[in-house]
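One structure is given below, encoded as structure tokens.
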Amino acid sequence: MATVDLKDVKKVYAGGIEAVKGVSIAIPDKELCVLVGPSGCGKSTLLRMIAGLEAISSGTVSIDGKVVNEISPTDRDIAMVFQNYALYPHMKVYDNMAYGLRNRGTPKAEIDSRVRSTAKVLELDHLLDRRPRELSGGQRQRVAMGRAIVRNPKVFLFDEPLSNLDAKLRGQMRVEIKNLQRSLGVTSVYVTHDQLEAMTLADILVVMNAGLVEQMGAPLDIYEKPASTFVASFIGAPPMNLMALGRDGGQPHLADGAKLGVEPPAAATTLGFRPEDALVLPPDAKQGGFVLPAVVEAVEPVGAESFLHCAAAGSRILVRVSGRATAKPGDKLAVAANSDKIHWFDASGKRV
Amino acid sequence: MTPRVVFPNRVLPYLLVAPQLAITLVFFYWPAGQALYQSMLKEDPFGLRSKFVWFANFEKVLSDPAYMNSIKVTTVFSLATAIVAMSVALLLAVMADKVVRGKGIYRTLMIWPYAVAPAIAGMLFLFMFNPSIGTLAVLLRKAGFAWDPLLNGTDAMMLVVTAAAWKQISYNFLFFVAGLQAIPKTLIEAAAIDGAGETKRFWTIIFPLLAPTTFFLLVINTTYAFFDTFGIIHAVTGGGPGKSTETLVYKVYNDGFVNLILGDSAAQSVILMVIVIALTAVQFRYVEKKVHYG
Ligand SMILES: Nc1ncnc2c1ncn2[C@@H]1O[C@H](COP(=O)(O)OP(=O)(O)OP(=O)(O)O)[C@@H](O)[C@H]1O
Ligand SMILES: [Mg+2]
């Protein structure tokens, strides 16, 4: 039961690499904060600074209102699930889970009851006598979770805990982690580069880029109002269609000179709309607003939906249609989007 | 599995291994056979005639209190050497692992003693601890220790153990450094987060995970102390004072080449041979594959 506060946290590695360039995040009690971003943007570094595994170059990290910069990981009362699980190979599952409790001098009987009840919740009870190498990847992942949960720490930290699992198991574990985190009510920080995990798990979503926070907020707010072209193309799958605007003599147009049909804000230089917000119309549709003639280049049927890769106004765009697509490569059609589903970005990539 | 290489030629493979075989035959099997044969002979005091006596020499050796003493000396010496050499090396390796700057220099310097010949190492320690001229002996005496390895058996034992262990520390250090590097950093981090302080982490995580290395080194060090320390003992104590540092190997030399009791000496070397074979078997059986976590 704790809040986690980061204030202008920076990390400079030996050799001058600036991995985190000033990040401030306030995570309320019991909430799950997801850090998402491309590889190398400093997510793990930030998480490791919260854990105390990495020295903080400047700024402060507070847990439960107390600055912990100088407190060793041993005394921060946090638990962490590592990407490679980091189970102790020479200990049985039971001892892996009991290790943290033993180190903190918990009475034996209590250790036993806590380990067993946690194992039950995670369906690990029949595996307690095995060693990590005798477990499947999914089972190891659960043991790693169990080892974190059993301690009942102030904060959970997860560094891409599901990235070594197959897609189906990942989906299951995602739901399970969310449920566990809710029911235990432990403040958590979760690092991933999977935007689906990020969207579904987060109470607070933090999109990072090159050591800085690009945007922070509720996942759906970010989805609906991405603060920059970077966020727009990172959150949402498949990513948002982005098209550059040209302006000769004040008249905005697309790359091939086509008129827009809608009036962009003055500063806008990029237009964006999501594949799922695009409407497919017949090629000769007489409709006002934002309509582009397009040629289908490829069709990807996924089952419940299909994706049309199209060439339109000198760019390539992606359109989502539900169910089975009737269009074939080479077909001509028109792609439209409602004006309230169109996002505008300025020259620096910021939303306008 | 890698595919087997097959020589189409039937003679060539034998020709290729022939030099190795010849060397092994001439320098190992032949003397070993000789020793075996000699261990069953009894010579007259003048070395003129000998008599085949079956296992009488073995009976005599094994019932000799001096031999029993030598077994005890060897056990104490080997264990002490192995333990000292390994614990000092482990301590140094753990320290070196923590050094951030100049890691390579530390490691390189640590390896040098291994290149020193045993007899030279022995001489170094002999001089340093010589009761009348040794620098360190003076310091010891000033610190209030009555230090005299020339008269006191325990002091002599400590001296040869120190010299023998010192030489072996480099070797052990190298293996421990490699062993430490093989332990994933995240395990140590996980243990830290799990509330284990540095000492606790060492004993509950690092030390158990080093078990394969430790076991391997234990065998190697014991073998070393048994068989490769002749030079040190010869140079430092000559087995004395009395027989307090006369190891099995040294006794073979003493009985055979100094006292010329060839039959006894040969019987002792056969016993040593059996011990070597046993140690090697242990090493092959366990060290090569066992004690691995994965
Ligand atoms: N120990 C280190 N020493 C120097 N630079 C480092 C160190 N660890 C990470 N970096 C650098 O810091 C930056 C951020 O690394 P970090 O591991 O936090 O990325 P990440 O966002 O977790 O990426 P990924 O998704 O690939 O795990 C990278 O440029 C990386 O090269
Ligand atoms: Mg990472």
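Residue numbers (my numbering), protein chains in the order written: chain A, 1 to 352; chain B, 1001 to 1294. Positions of the beta carbon are idealized from the N, C-alpha and C atoms, including for glycine. On a predicted model such as this, the values are computed, not experimentally measured, just so you know.
Inset, instruction - Identify every residue that forms a DSSP beta bridge with serine 188(A). - result: Numbered from 1 along the first sequence, position 188 holds the residue referred to as residue 188(A). Answer is Leu32(A), Phe156(A).
Legend entry - For tyrosine 85(A) and aspartate 360(A), believed in contact at Cβ under 8 Å, the rounded distance: There is simply no residue 360(A) to check, as chain A begins at 1 and stops at 352 in what is shown.
Inset, instruction - Kindly indicate the opening and closing residues of the beta strand (DSSP E) around tryptophan 344(A). - result: Stepping through the first sequence from its first residue, residue 344(A) is reached at position 344. Tryptophan 344(A) -> beta strand (DSSP E) spans 343-345.
Inset, instruction - Excluding the 5 residues preceding and the 5 following alanine 19(A) in the sequence, name in chain order all residues of the same chain whose CB lies nearer than 8 Å to its CB. - result: Residue 19(A) sits at position 19 when you count from the first residue of the first sequence. Cβ within range, chain order: Lys11, Val12, Tyr13, Gly42, Thr45, Gly211.
Inset, instruction - Rank Ala1182(B), Leu1217(B), Gly1197(B), Leu1151(B) by C-alpha distance to the C-alpha of proline 1173(B) and give the top, closest one. - result: As a working mapping, residue 1173(B) is identified with position 173 in the second sequence. According to the sequence shown, residue 1173(B) is phenylalanine rather than proline. Per the Cα distances, Leu1217(B).
Inset, instruction - Determine the chain A residues that contact threonine 941(B) at a beta-carbon separation under 8 Å, and present them in chain order. - result: In this structure chain B extends from 1001 to 1294, so residue 941(B) is not present and cannot be described.
Legend entry - The alpha helix (DSSP H) enclosing methionine 1068(B), as first and last residue numbers: In the second sequence, the residue the question calls residue 1068(B) occupies position 68. Residues 1065-1098.
Legend entry - According to DSSP, residues forming a beta bridge with asparagine 209(A): As a working mapping, residue 209(A) is identified with position 209 in the first sequence. Paired residues: Leu212(A).
Legend entry - Length at least 4, wholly inside the stretch 220-266 of chain A: the alpha helix (DSSP H) runs in chain order: 229-234
Inset, instruction - Please name the residue, chosen from Tyr190(A), Ile71(A), His90(A), that lies closest to valine 36(A) on a Cα-to-Cα basis. - result: What you label residue 36(A) is simply residue 36 of the first sequence in a count that begins at 1. Per the Cα distances, Tyr190(A).
Inset, instruction - For glycine 16(A), count neighbouring Cβ atoms within 10 angstroms of its own Cβ and tell me buried if that reaches 16, exposed if not. - result: If you number the first sequence from 1, residue 16(A) lands on position 16. With fewer than 16 Cβ atoms within 10 Å of its Cβ, glycine 16(A) is classed as exposed.
Inset, instruction - Flag alanine 1196(B) as yes if its beta-carbon sits less than 7 Å from any beta-carbon of chain A, otherwise no. - result: Indexing the second sequence from 1 puts residue 1196(B) at position 196. So yes, alanine 1196(B) belongs to the interface.
Inset, instruction - Look at the alpha carbon of arginine 1107(B) and the alpha carbon of leucine 1091(B), and state the distance between them as a whole number of angstroms. - result: What you label residue 1107(B) is simply residue 107 of the second sequence in a count that begins at 1. What you label residue 1091(B) is simply residue 91 of the second sequence in a count that begins at 1. If I take the Cα positions, the gap works out to 13 Å.
Legend entry - Counted within 10 angstroms of its Cβ, other Cβ atoms place tryptophan 1315(B) as buried (16 or more) or exposed: Because chain B spans 1001 through 1294 in this model, residue 1315(B) falls outside it and cannot be assessed.
Inset, instruction - Return no unless some Cβ of chain B is closer than 7 Å to the Cβ of glycine 100(A). - result: To locate residue 100(A), count along the first sequence from 1; it is residue 100. Yes, because at least one Cβ of chain B sits closer than 7 Å to the Cβ of glycine 100(A).
Inset, instruction - Report yes if the C-beta of serine 163(A) is less than 6 Å from at least one heavy atom of ligand 2; otherwise report no. - result: Within the first sequence, the letter at position 163 stands for residue 163(A). No, the beta carbon of serine 163(A) sits no closer than 6 Å to any heavy atom of ligand 2.
Inset, instruction - Would you please verify whether the beta carbon of proline 1208(B) is less than 7 Å from any beta carbon of chain A? - result: Working through the second sequence from its first residue, we reach residue 1208(B) at position 208. Yes, because at least one Cβ of chain A sits closer than 7 Å to the Cβ of proline 1208(B).
Inset, instruction - Please decide whether alanine 1267(B) counts as near chain A, where near means a Cβ-Cβ distance under 7 Å. - result: Counting from one through the second sequence, the residue named residue 1267(B) turns up at place 267. So no, alanine 1267(B) is outside the interface.
Legend entry - Short CB-CB distance (under 7 Å) between valine 1291(B) and chain A: Position 291 of the second sequence, counted from the first residue, corresponds to residue 1291(B). Note that valine 1291(B) has pLDDT 49, beneath the 50 cutoff, so the model's placement of it is unreliable and the number below is only indicative. Chain A contact via Cβ: absent.
Inset, instruction - Name, please, each residue of chain B whose Cβ falls closer than 9 Å to the Cβ of arginine 104(A). - result: Mapped onto the first sequence, residue 104(A) falls at position 104. Those within 9 Å of arginine 104(A) in chain B are Asp1194, Gly1195.
Inset, instruction - Flag cysteine 33(A) as yes when its Cβ comes closer than 6 Å to any non-hydrogen atom of ligand 1, and as no otherwise. - result: Numbered from 1 along the first sequence, position 33 holds the residue referred to as residue 33(A). Not so, every heavy atom of ligand 1 lies at least 6 Å from the Cβ.
Inset, instruction - On a CA-only basis, which of Arg104(A), Gly289(A), Gly217(A) is nearest lysine 341(A)? Give me that one, please. - result: Within the first sequence, numbered from 1, the residue matching residue 341(A) stands at position 341. Ranking the options by Cα distance to lysine 341(A), first place goes to Gly289(A).
Legend entry - Per-residue contacts from proline 73(A) into chain E (C-beta, under 8 Å): The structure shown contains no chain E; its protein chains are A and B.
Legend entry - DSSP three-state assignment for leucine 1041(B), whether helix, strand or coil: As a working mapping, residue 1041(B) is identified with position 41 in the second sequence. Strand.
Legend entry - Whole-Å CB distance - valine 1270(B) paired with leucine 1036(B), under 8 Å assumed: Your numbering for residue 1270(B) matches position 270 in the second sequence. Your numbering for residue 1036(B) matches position 36 in the second sequence. So it is a contact: roughly 6 Å between Cβ atoms.
Legend entry - Beta-carbon proximity list for valine 403(A), same chain, < 7 Å, skipping 5 on both sides: As displayed, chain A neither begins before 1 nor continues past 352, which places residue 403(A) out of reach and without an answer.
Inset, instruction - Can you give me the Cβ contacts of alanine 325(A) inside the same chain, cut-off strictly under 7 Å, excluding the 5 residues immediately before and after it? - result: Counted from its first residue, the first sequence places residue 325(A) at position 325. The residues are Val299, Pro301, Ser306, Leu308.
Inset, instruction - Closer than 7 Å by beta-carbon distance: list the chain A residues that pair up with lysine 1200(B), in chain order. - result: By 1-based counting over the second sequence, the position of residue 1200(B) is 200. Here the neighbours are Asn103.
Legend entry - Nearest-angstrom Cα separation, counted from isoleucine 78(A) out to phenylalanine 1176(B): Counting from one through the second sequence, the residue named residue 1176(B) turns up at place 176. Counting from one through the first sequence, the residue named residue 78(A) turns up at place 78. Whole-angstrom Cα-Cα distance: 31 Å.
Inset, instruction - Taking the CB atoms as reference points, tell me whether arginine 142(A) and leucine 124(A) lie closer together than 7 Å. - result: Numbered from its first residue, the first sequence carries residue 142(A) at position 142. Numbered from its first residue, the first sequence carries residue 124(A) at position 124. Yes, they are a contact pair.
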